[in-house]
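FYI, the numbering for the sequence shown is 161 to 266, going by the working numbering.
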Amino acid sequence: MDTWITRFAALLCAVGAIALYWSFGMFVAIPWHEGRMLALSAVEMQVVAIPLVTGLAVGWGALHLFSLASDEENLQRRRARLAVFALVALAAIAGGLSWTLARVVS
161 MDTWITRFAA LLCAVGAIAL YWSFGMFVAI PWHEGRMLAL SAVEMQVVAI PLVTGLAVGW
221 GALHLFSLAS DEENLQRRRA RLAVFALVAL AAIAGGLSWT LARVVS
């Protein structure tokens, strides 16, 4: 029973991290589109950095909880889980980018 509770908590953390990656993509879309990623103001830097850094921390926690819940020694399954999470995170960032660009940029 404890492993299912831990896996559910890890799943909630993973979903939260994906939402943070989506909001990172949403906030980075306009500076990226305007070509001023290296010239962000302090406020823009905070708005962009906070979802990214928090998403990385929450994602690391989710993967750590998944590893704790499954007492497997199979390194290939852990690498596969990391690869799937990374692909979903990249898709969430791309989704946030496209969502903002579709609504703001004409």
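Positions of the beta carbon are idealized from the N, C-alpha and C atoms, including for glycine.
Note that this is a predicted model, so its numbers are computed, not measured.
Check your understanding: For SER227, which three-state DSSP category applies?
Key -> helix
Check your understanding: DSSP state of VAL265, grouped into three classes?
Key -> Coil, per DSSP.
**Study point:** Distance, ALA217 Cα to ALA254 Cα
**Key:** Put simply, the backbone Cα of ALA254 is about 20 Å away from that of ALA217.
Check your understanding: Of all the beta strand (DSSP E) runs that stay within the bounds of the region 186-263, which reach a length of 3 or more residues?
Key -> DSSP runs (the beta strand (DSSP E)) wholly in the region 186-263: none.
Review point. What do you get for PHE226, buried or exposed, if any count of 16 or more other CB atoms within 10 angstroms of its CB means buried?
Key: With 16 or more Cβ atoms within 10 Å of its Cβ, PHE226 is classed as buried.
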